[in-house]
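S.K.: Residue numbers (the numbering used here), protein chains in the order written: chain D, 1 to 611; chain S, 1001 to 1122. Even for Gly, the Cβ is constructed at its ideal location relative to N, Cα and C. What you are looking at is a predicted structure, and each value in this text was computed from that prediction instead of being measured.
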């Protein structure tokens, strides 16, 4: 009887499979374990994670580490990925100031035009003057209403108001004329005074119409054709708001500054192509596919792209201890996304969604120092034999084949956190593999930026688990429509929030996004990264390049555990008549443990070969 | 038919101890509710226990939302909750907090997330 252990050190998880050899060709898997990979894959720090995963596995079967006959480590693929994001549009407002936001309770309704006047200067206005009154926080709403009513009596035409505090309805209820009032304007001191301005509040359930129309603004401010062109970003950024203020200021109040997004310089074979990033993800990917295989990617110097790729490179340098110029980017995945950015020239801290391109880059290093890891591990457990076995892709295929219902020709998609790896096993038994950039981390990055969370951990949670909306103090409605009732009232901080279901815990997502919007962003991010990478990897690994020539696709790795990624990929591949699904290693492990299992199985194959 | 009862307008009820009323505080709560556009009614009661005040207010309110006030202690309560477990139980420190209590009472009806009770005063 022999005890053989397979150890797979992945980017994020270290997995262990323990096999008991029976006779010469049979193996019983008696235990398995996993632990978070400690340190970066391929470094001495991995030892801690290996030992912990081992102990977890052995505790199940009450065996000591010293009883193991052989530990087989995977020859890890020397691939490391990283992600970055770059905005390619920018909204700068030059000839006007604007407020476009959705205070929960604006006052009045309609459109008003006039000159901005501070409320304490109203008395110096004369009858017939058209005025938009500006009310700072230090003025109480009752006082404000009184002053406005007095001014109205004097014949001053007050056509709208801009208020700092949350007082719009209170003021509207106390004045004698119905005017649109926008409140919760944070930076009221920045509102330019004595300037022509327009205030619009939409009726409930509607959005503003006049100030989102460039010609509407042109009419209100007597703009010529040239000036109308300049006002377009204002109109565009106000779309979808319930209330807005536009103030016309002289040219030059806000200076325009744009940073060129730059070009990707892609090298492949003897070709070199420069791809402007602002073409967007689809065109970038099309061009990159044409230059396959890539030898390196650089960014145009002095631009954001260059800064972004250099960032990736220097991080890799630290990890691998190689020279900067030896680190070559072997794959790029570009994804279109949006980034909420503060509008320059706005007065209530409002944001507009700018177009952006997210890039995942993958670096192939010259061999990870697995020998070093093996040596360190030997020091730790001197009584156990340790060897480095097999290429990771081959091991993963061996493991994946234990999924019931699979056969050759087969493709495995190993979807992890940093990279998506694929390997194909042809009818003839040949194996080839590719490594692509972009996986779970990129999905988290997209969710984080598109929703403006500034919280990567929350983004990870949103990625991993379904959403629900707290509907009352006692129940939540899941994103699939199901309702869950609680016996005890829920904490007030959850009331009416969109929440993330983390086991029994409800984690509030403190944004104004609706559940539908968050769900859409999450699913689109997964499609953009994983479905696209699935297609890319299949096209590259299948010898004929035709997806119809493959019968089985088995998804393994951490991201295959996701509650919707395998389903999104299966749906796409169903169009090609491919059986695609989440792997079930040894009929009971799910998509986990493929490589570790393969490492044990390959040992038996070796024995057979010797025989 | 009880005419009075059928005429009872759906509104948030505010019950305040008669001897310990704080006019400014009640006003601010009212402004908060008004800003959110929900009707409310203030009544002065003999009851001393602020828990009972809030609980009774919620039971009598057609919206099932009640506020109890005793000195500067303010409770937000709803019909389905137990007397000893109000939604908020806050010692009010300043005008803004009272207004936010009003806003949150209204938001309970409007089913939108509560505002935080900031301590900052203007």
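Mind reading off the beta-carbon distance from residue 200 (chain D) to residue 180 (chain D)? Whole number of angstroms is fine, and I expect it under 8 Å.
M.R.: Locating residue 200 (chain D) in the first chain gives position 200, where the first residue counts as 1. Locating residue 180 (chain D) in the first chain gives position 180, where the first residue counts as 1. With a Cβ gap of about 6 Å, residue 200 (chain D) and residue 180 (chain D) count as contacting.
S.K.: Let me check understanding here. Comparing Cα to Cα, which of D:296, D:605, D:115 lies closest to residue 191 (chain D)?
M.R.: Counted from its first residue, the first chain places residue 191 (chain D) at position 191. The candidate whose alpha carbon is nearest that of residue 191 (chain D) is D:115.
S.K.: At least one CB of chain D closer than 8 Å to the CB of residue 1039 (chain S): is that the case?
M.R.: Locating residue 1039 (chain S) in the second chain gives position 39, counting from the first residue. Output row for residue 1039 (chain S): interface = no.
S.K.: What is the rounded straight-line gap between the Cα of residue 74 (chain D) and the Cα of residue 583 (chain D)?
M.R.: Against the first chain, residue 74 (chain D) aligns to sequence position 74. Against the first chain, residue 583 (chain D) aligns to sequence position 583. So the alpha carbons of these two residues sit roughly 20 Å apart.
S.K.: For residue 104 (chain D), return the contacting residues in chain S, with the cut-off set at a CB-CB distance below 8 Å.
M.R.: Taking the first residue of the first chain as 1, we reach residue 104 (chain D) at position 104. Ordered by position in chain S, the residues that pass the 8 Å Cβ test against residue 104 (chain D) are 1036, 1112.
S.K.: Could you please tell me which residues of the stretch 124 to 142 of chain D, in chain order, have their CB closer than 8 Å to any CB of chain S?
M.R.: Answer set for the stretch 124 to 142 of chain D: 137, 138, 141.
S.K.: Residue 317 (chain D) to residue 327 (chain D), Cα distance in whole Å?
M.R.: By 1-based counting over the first chain, the position of residue 317 (chain D) is 317. By 1-based counting over the first chain, the position of residue 327 (chain D) is 327. One C-alpha to the other measures close to 7 Å.
S.K.: What does residue 167 (chain D) reach in chain S if we use C-beta pairs closer than 9 Å?
M.R.: To locate residue 167 (chain D), count along the first chain from 1; it is residue 167. Going along chain S in sequence order, the residues near residue 167 (chain D) (Cβ under 9 Å) are 1031, 1035.
S.K.: Measure the C-alpha to C-alpha separation of residue 156 (chain D) and residue 1101 (chain S) and round it to an integer number of angstroms.
M.R.: Position 156 of the first chain holds residue 156 (chain D). Position 101 of the second chain holds residue 1101 (chain S). Rounded to the nearest angstrom, the two C-alpha atoms are 36 Å apart.
S.K.: Taking only the alpha-carbon atoms, compute the straight-line gap between residue 47 (chain D) and residue 67 (chain D) and give it to the nearest angstrom.
M.R.: In the first chain, the residue the question calls residue 47 (chain D) occupies position 47. In the first chain, the residue the question calls residue 67 (chain D) occupies position 67. Their Cα atoms are separated by approximately 18 Å.
S.K.: Beta-carbon within less than 6 Å of residue 188 (chain D)'s beta-carbon, same chain only, minus the 5 sequence neighbours each way: which residues are those?
M.R.: As a first step, residue 188 (chain D) is located in the first chain; it is residue number 188 there, counting from the start. Here the set comprises 136, 164.
S.K.: Would residue 395 (chain D) and residue 599 (chain D) qualify as a contact pair, given that the criterion is a beta-carbon distance under 8 Å?
M.R.: Position 395 of the first chain, counting from 1, holds the residue named residue 395 (chain D). Position 599 of the first chain, counting from 1, holds the residue named residue 599 (chain D). Contact flag set, yes.
S.K.: Could you tell me whether any Cβ in chain S is nearer than 8 Å to the Cβ of residue 497 (chain D)?
M.R.: Here residue 497 (chain D) refers to the residue found at position 497 when the first chain is read from its first residue. Yes, its Cβ sits closer than 8 Å to a Cβ of chain S.
S.K.: In whole angstroms, what is the alpha-carbon distance linking residue 1069 (chain S) and residue 473 (chain D)?
M.R.: By 1-based counting over the second chain, the position of residue 1069 (chain S) is 69. By 1-based counting over the first chain, the position of residue 473 (chain D) is 473. Cα to Cα, the separation comes out at about 22 Å.
S.K.: Nearest to residue 1035 (chain S) by CA position, among D:139, D:23, D:183, is which residue?
M.R.: Here residue 1035 (chain S) refers to the residue found at position 35 when the second chain is read from its first residue. Here the closest residue by C-alpha is D:183.
S.K.: Quick one: is residue 254 (chain D) near chain S, going by C-beta distance under 8 Å?
M.R.: By 1-based counting over the first chain, the position of residue 254 (chain D) is 254. Because the pLDDT of residue 254 (chain D) is 44, which lies under 50, any placement of that residue in the model is unreliable, and the question is left without a value.
S.K.: Just to confirm, are residue 597 (chain D) and residue 17 (chain D) a CB contact at a threshold of 8 Å?
M.R.: If you number the first chain from 1, residue 597 (chain D) lands on position 597. If you number the first chain from 1, residue 17 (chain D) lands on position 17. It is a contact, given that the beta carbons lie within the stated cut-off.
S.K.: Hey, does residue 257 (chain D) have any beta-carbon neighbour from chain S nearer than 8 Å?
M.R.: Reading the first chain from its first residue, position 257 is the one you call residue 257 (chain D). Note that residue 257 (chain D) scores a pLDDT of 49, beneath 50, so its modelled location is shaky; the value from the coordinates is reported in the next line. It does not; no Cβ of chain S falls within 8 Å.
S.K.: Determine, for residue 1044 (chain S), whether the minimum Cβ-Cβ distance to residues of chain D falls below 8 Å.
M.R.: If you number the second chain from 1, residue 1044 (chain S) lands on position 44. False, the Cβ-Cβ gap to chain D never drops below 8 Å.
S.K.: Looking at residue 339 (chain D) and residue 85 (chain D), is the spacing between their C-beta atoms short of 8 Å?
M.R.: Here residue 85 (chain D) refers to the residue found at position 85 when the first chain is read from its first residue. Here residue 339 (chain D) refers to the residue found at position 339 when the first chain is read from its first residue. Yes, they are a contact pair.
S.K.: Got a sec, what are the start and stop residues for the alpha helix (DSSP H) residue 49 (chain D) sits in?
M.R.: As a first step, residue 49 (chain D) is located in the first chain; it is residue number 49 there, counting from the start. Here the alpha helix (DSSP H) through residue 49 (chain D) covers 46 to 61.
S.K.: If you run the structure through DSSP and keep just helix, strand and coil, what is residue 293 (chain D)?
M.R.: What you label residue 293 (chain D) is simply residue 293 of the first chain in a count that begins at 1. It is coil, neither helix nor strand.
S.K.: Alpha carbon to alpha carbon, how far is residue 282 (chain D) from residue 481 (chain D)?
M.R.: Along the first chain, one-based indexing puts residue 282 (chain D) at 282. Along the first chain, one-based indexing puts residue 481 (chain D) at 481. Cα to Cα, the separation comes out at about 34 Å.
S.K.: List the residues of chain D that residue 1088 (chain S) touches, going by C-beta distances under 8 Å, in chain order.
M.R.: Walking along the second chain from the start, residue 1088 (chain S) turns up at place 88. Under the 8 Å cutoff, chain D gives 492.
S.K.: Quick check on residue 370 (chain D): does DSSP put it in helix, strand or coil?
M.R.: Within the first chain, numbered from 1, the residue matching residue 370 (chain D) stands at position 370. Reduced to three states, the DSSP call for residue 370 (chain D) is helix.
S.K.: From D:54, D:479, D:110, D:148, pick the residue whose C-alpha is nearest to that of residue 203 (chain D); which is it?
M.R.: Residue mapping note: residue 203 (chain D) aligns to position 203 of the first chain, counting from 1. Taking only the C-alpha atoms, the option nearest residue 203 (chain D) is D:110.
S.K.: Using 10 angstroms around the beta-carbon of residue 206 (chain D), count the other beta-carbons present and answer buried if the total reaches 16, otherwise exposed.
M.R.: Translated into positions along the first chain, residue 206 (chain D) becomes position 206. Result: exposed.
S.K.: Is the separation between the beta-carbon of residue 1033 (chain S) and that of residue 1106 (chain S) shorter than 8 Å?
M.R.: Walking along the second chain from the start, residue 1033 (chain S) turns up at place 33. Walking along the second chain from the start, residue 1106 (chain S) turns up at place 106. A contact, by the Cβ cut-off of 8 Å.
S.K.: Could you work out which residues of chain D lie near residue 1078 (chain S), taking near to mean beta carbons separated by less than 8 Å?
M.R.: Counting from 1 along the second chain, the entry for residue 1078 (chain S) is found at position 78. Ordered by position in chain D, the residues that pass the 8 Å Cβ test against residue 1078 (chain S) are 473.
S.K.: Could you tell me whether the Cβ atoms of residue 357 (chain D) and residue 332 (chain D) are closer together than 8 Å?
M.R.: Taking the first residue of the first chain as 1, we reach residue 357 (chain D) at position 357. Taking the first residue of the first chain as 1, we reach residue 332 (chain D) at position 332. In this structure, residue 332 (chain D) does not lie closer than 8 Å to residue 357 (chain D) by Cβ.
S.K.: 8 Å is my cut-off, CB to CB: does residue 1085 (chain S) come that close to chain D?
M.R.: Walking along the second chain from the start, residue 1085 (chain S) turns up at place 85. Judged by the 8 Å Cβ criterion, residue 1085 (chain S) is in contact with chain D.
S.K.: So what does residue 485 (chain D) bridge to, in DSSP terms?
M.R.: Residue mapping note: residue 485 (chain D) aligns to position 485 of the first chain, counting from 1. DSSP output for residue 485 (chain D) lists D:475 as bridge partner(s).
S.K.: I'd like to check one pair, residue 132 (chain D) with residue 108 (chain D): are the Cβ atoms closer than 8 Å?
M.R.: Here residue 108 (chain D) corresponds to residue number 108 of the first chain, with the count starting at 1. Here residue 132 (chain D) corresponds to residue number 132 of the first chain, with the count starting at 1. In this structure, residue 132 (chain D) does not lie closer than 8 Å to residue 108 (chain D) by Cβ.
S.K.: Taking 7 Å as the limit between beta carbons, can you name the residues of its chain near residue 127 (chain D), skipping five residues before and five after?
M.R.: In the first chain, residue 127 (chain D) corresponds to position 127, counting from 1. Here the set comprises 154, 155, 156.
S.K.: Evaluate the contact criterion for the stretch 434 to 449 of chain D versus the stretch 529 to 545 of chain D: three or more CB pairs, one atom per stretch, below 8 Å.
M.R.: Yes: at least three Cβ pairs fall under 8 Å.
S.K.: Need the endpoints of the beta strand (DSSP E) that residue 626 (chain D) sits in, please.
M.R.: A query on residue 626 (chain D) cannot be resolved here, the shown segment of chain D reaching from 1 to 611 and no further.
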